[in-house]
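Chains as they are written, first to last, in my numbering: chain A, 20 to 423; chain B, 20 to 423.
All remarks here apply to the structure that follows.
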């Protein structure tokens with residue numbers, strides 16, 4: 020029996036690792052056999068029935084182990100470990116978005132050279148099988164754009180801001196920290212870096228385009244505070260990532276966005292993720308599922324473990340993409356950090372941007388290019404693209420009418 | 020070049036067939052080569068550059084053809100044709116839900132014996148890659164239930180009823196007929212038979228359970244008419260199919276349903292389909308996409324054509340399911356066909372069903388078993404399950420208050 024099962028080495032035993040182990044040894048025990056689990060701190064793991072080891076190398080040198088699951092996270096030691104595993108002709112399943120976003124191309128190439136697989140469904144969209152869909156089912160639909168809510172933590176925060184109007188922004192951020200959704204330094208989520216990395220991976224699978232995460236324009240959610248709170252009414256602010264094709268040109272963007280009440284993401288709340296793939300041949304394809312958590316992420320790891328036996332079609336790299344980032348954004352809401360009003364207004368005037376003040380230091384800008392907006396970003400507390408006339412009708416018209 | 024391409028025989032050149040041909044010969048021409056297209060009526064196809072044949076057999080006997088795409092529809096001649104193709108060791112891709120729902124098990128077995136593939140993603144959910152997701156990505160999530168809007172025609176009609184309140188039901192049905200969404204005899208869609216067939220296919224892929232379409236309980240949308248029109252306000256009536264697991268018991272049902280305003284299907288309009296897979300490990304997974312049309316269906320055929328080289332994991336048939344159909348339904352709205360009032364009321368009383376009249380011959384029943392409801396069905400114009408308290412608040416409470 021044992022020999023028929025695929026032999027797995029698991030590196031990492033945090034929230035995701037524990038759930039992967041649990042699923043492999045219960046519902047999937049007929050298919051898989053976990054020979055070793057590499058951990059860093061054995062004193063934190065009192066379980067005696069789990070085959071722990073503190074040596075990552077032992078997983079690589081064990082000839083019985085066919086597939087390695089990496090759920091350590093971060094660049095090192097994960098990078099060296101995965102490289103060595105591939106060089107030893109072991110297939111690798113990883114949930115490491117950071118590593119794949121920055122080193123995916125190199126590691127994919129190495130895996131192909133070695134005739135093994137490198138799969139990372141769990142790195143994007145939590146439980147949503149987006150990479151599998153982009154690789155297989157959706158590639159024939161001629162993809163025009165992919166837009167997503169890709170960060171569960173910020174969606175959880177935006178949902179709380181909207182559903183608990185009496186709590187302050189700081190209070191909700193503190194709850195997110197207490198629940199482990201945000202690090203002590205929340206930059207990775209709130210500044211959109213996590214989303215940049217995921218969008219890089221999506222860009223590869225949707226378009227065969229190699230982006231560098233740091234080059235994707237991103238507008239931060241970091242400065243969002245109580246004066247902006249009115250924007251969260253009706254739960255219509257979403258932190259969106261988008262990559263869009265026009266001919267051979269691709270543009271990508273991460274930006275807090277006010278969506279219309281009829282938008283398919285309107286009910287996507289809490290830690291859920293959503294991905295809308297707009298296609299030439301079949302219109303919008305929507306996928307929604309839990310974006311975070313041990314079990315949902317473990318499910319994506321499991322899906323990869325099964326997929327390893329079924330070599331998937333290669334990504335189409337035939338298009339030589341032009342990357343463009345300076346598109347105009349349409350209506351944008353800005354709040355200017357205190358003391359910076361003059362500076363920002365003079366800059367807006369200089370760029371001939373039409374704006375209407377809607378409060379002491381809040382502005383609705385009629386149309387602004389992304390490059391101007393990003394150059395202003397350090398002086399702005401928040402910029403939200405306002406594509407929705409509905410919102411203007413329901414809330415802003417009165418204030419606009421006063422201001423105009 | 021030609022020899023590197025997969026050689027395809029296409030059977031059928033209707034709406035779907037044309038779009039499959041178009042996609043194969045344009046964006047996918049590097050991968051595929053359509054050697055022959057079998058049609059019934061050559062006089063209806065004036066195109067001279069398409070390799071037409073009137074002989075289905077010629078596709079089977081052509082040794083160069085590796086894969087046959089069947090988009091004829093119906094049981095015969097499709098059944099004999101696909102059987103022969105499989106016996107001649109050709110893989111088959113089909114969009115034929117009717118055939119797969121009734122003969123899928125036999126044909127799947129034959130394909131496995133012959134070492135070829137039988138794929139039919141296009142038979143369910145239009146452009147939504149639901150079978151691929153159930154086979155691969157979602158099977159590790161431990162599926163609890165699958166609920167869907169699986170019929171684009173009836174969803175189009177329900178959307179029109181809701182969005183065009185001044186038009187009569189008959190008028191909207193006529194428009195659906197004129198647009199080709201409904202046959203002259205609309206039973207197949209309105210009585211839920213189309214949905215029964217699709218649900219049978221989903222039951223197989225989600226649970227490895229072999230259902231017979233005709234045995235799935237179905238409540239018809241056929242008798243829906245102007246007195247029921249108030250139910251369509253806010254677009255909250257959806258014609259739902261559901262299959263649900265409790266331990267080793269499965270229950271399935273096709274029923275017009277009033278969904279809550281927060282339900283993920285609330286924005287699924289026109290001919291769109293939606294499928295919600297509820298899972299043990301990752302909660303709800305939602306997929307939404309176009310449910311009908313030439314291009315969307317052709318995309319699913321194309322996805323199968325690519326997947327043919329990547330043998331998918333087998334469906335898990337290990338559970339010996341008990342099928343249960345007589346669950347209680349909770350709150351149900353009934354309208355009784357004129358002249359049948361006494362008969363229905365006496366039957367409800369005999370079954371000790373508690374009900375409240377809300378009009379001359381309309382009732383809200385507090386709880387009723389499915390078997391009683393189905394036995395009454397011929398005497399009822401419509402039965403809609405009302406799971407939503409919201410609706411009661413917004414509309415029915417006033418009428419109920421008058422009636423109680």
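Where is the CB? At the ideal position from N, CA and C, for every residue including glycine.
Helix, strand or coil: which one does DSSP assign to residue 258 of chain A? strand
Chain-ordered chain B contacts of residue 184 of chain A [CB-CB under 8 Å]: Simply none; closest approach about 18 Å.
Rounded straight-line distance, which links the Cα of residue 60 of chain A to that of residue 90 of chain A: 15 Å
According to DSSP, simplified to helix, strand and coil, what is residue 184 of chain A? coil
Measure from the C-beta of residue 332 of chain A to each C-beta in chain B and report whether the shortest distance is under 8 Å. Chain B, which has a Cβ nearer than 8 Å to the Cβ of residue 332 of chain A, makes this yes.
State yes or no: is the beta carbon of residue 23 of chain A nearer than 8 Å to at least one beta carbon in chain B? no
By DSSP, does residue 239 of chain A sit in helix, in strand, or in coil? coil
Near the ligand GDP: residue 44 of chain A beta-carbon under 7 Å from a heavy atom: Summarising the ligand content, the structure contains no ligands, and the ligand GDP is consequently not present.
Excluding the 5 residues preceding and the 5 following residue 55 of chain A in the sequence, name in chain order all residues of the same chain whose CB lies nearer than 6 Å to its CB. Closer than 6 Å at the Cβ level, and outside the excluded window around residue 55 of chain A, lie 28, 70, 72 and 78.
Okay, do the region 245-257 of chain A and the region 278-292 of chain A touch, 3+ Cβ pairs below 8 Å being the bar? yes
Would you call the region 313-321 of chain B and the region 200-209 of chain B touching, i.e. three or more CB-CB distances under 8 Å? no
How would you write the range of the alpha helix (DSSP H) that residue 102 of chain B sits in, first residue to last? Judged by DSSP secondary structure, residue 102 of chain B falls within the alpha helix (DSSP H) whose first and last residues are 97-106.
The alpha helix (DSSP H) that contains residue 303 of chain A, what's its start and end? Note, residue 303 of chain A: premise wrong, no alpha helix (DSSP H); beta strand (DSSP E) at 302-309.
DSSP puts residue 225 of chain B in a beta bridge; with which residues? Paired residue(s): none; residue 225 of chain B is not in a bridge.
Under 8 Å by Cβ, that's how I've got residue 221 of chain A and residue 119 of chain A pegged, so tell me the actual separation to the nearest angstrom. Actually they do not touch by this definition, with Cβ atoms about 11 Å apart.
Below 9 Å on C-beta distance, what does residue 159 of chain A contact in chain B? 42, 46, 47, 317, 318, 319, 320, 321, 322, 324 and 325
With respect to the alpha helix (DSSP H) encompassing residue 139 of chain A, which residues constitute its N-terminal and C-terminal limits? No alpha helix (DSSP H) holds residue 139 of chain A; DSSP gives it neither H nor E.
May I have the straight-line CA-CA distance separating residue 350 of chain B from residue 261 of chain B, to the nearest angstrom? Roughly 17 Å between the two C-alpha positions.
Taking only three categories from DSSP, how would you classify residue 178 of chain A? helix
Which residues in chain A have a C-beta closer than 7 Å to the C-beta of residue 329 of chain B? List them in chain order. 329, 330 and 331
By a C-beta neighbour count over all protein chains shown, 10 Å radius and 16 as the cutoff for buried, is residue 166 of chain B buried or exposed? Under this definition residue 166 of chain B is a buried residue.
If the criterion is Cβ atoms closer than 8 Å, does the pair residue 266 of chain B and residue 291 of chain B meet it? It is not a contact, given that the beta carbons lie outside the stated cut-off.
Between residue 224 of chain A and chain B, is any beta-carbon pair separated by less than 8 Å? no
Check the C-beta distance from residue 109 of chain B over to residue 85 of chain B and give it rounded, since I have them as a contact under 8 Å. 7 Å
With DSSP as the reference, please indicate the residues paired to residue 404 of chain B in a beta bridge. Looking at the DSSP output, residue 404 of chain B sits in a beta bridge with B/276 and B/351.
Check whether the region 338-349 of chain A touches the region 382-400 of chain A, taking contact to mean three or more Cβ pairs, one atom from each stretch, closer than 8 Å. Touching, yes, given that three or more Cβ pairs across the two stretches are closer than 8 Å.
Leaving out five residues before and five after residue 36 of chain B in sequence, what residues of the same chain have Cβ atoms less than 7 Å from its Cβ? 29 and 90
Extent of the continuous beta strand (DSSP E) to which residue 110 of chain B belongs: That run of the beta strand (DSSP E) goes 110-113.
Note down, in chain order, each residue of its chain lying with its Cβ closer than 7 Å to the Cβ of residue 44 of chain B, except the 5 sequence neighbours on either side. 53
Quick one: list the residues of chain B neighbouring residue 236 of chain A, beta-carbon separation under 8 Å, in chain order. Chain-ordered listing is empty here: chain B has no CB closer than 8 Å to the CB of residue 236 of chain A, the nearest sitting near 28 Å.
8 Å Cβ cutoff, residue 307 of chain A in contact with chain B: yes
Am I right that residue 398 of chain A and residue 363 of chain A are in contact with their C-beta atoms under 8 Å? What's the rounded C-beta distance? 5 Å
On the criterion of 16 or more Cβ atoms from any shown chain inside 10 Å, does residue 94 of chain A qualify as buried, or is it exposed? exposed
Under 8 Å, do residue 314 of chain B and residue 40 of chain A count as touching if we go by C-beta distance? no
Distance between residue 122 of chain A and residue 316 of chain A (C-alpha atoms, nearest Å): When rounded, the distance between both Cα atoms is 21 Å.
Go ahead and pull the three-state DSSP assignment for residue 332 of chain A. coil
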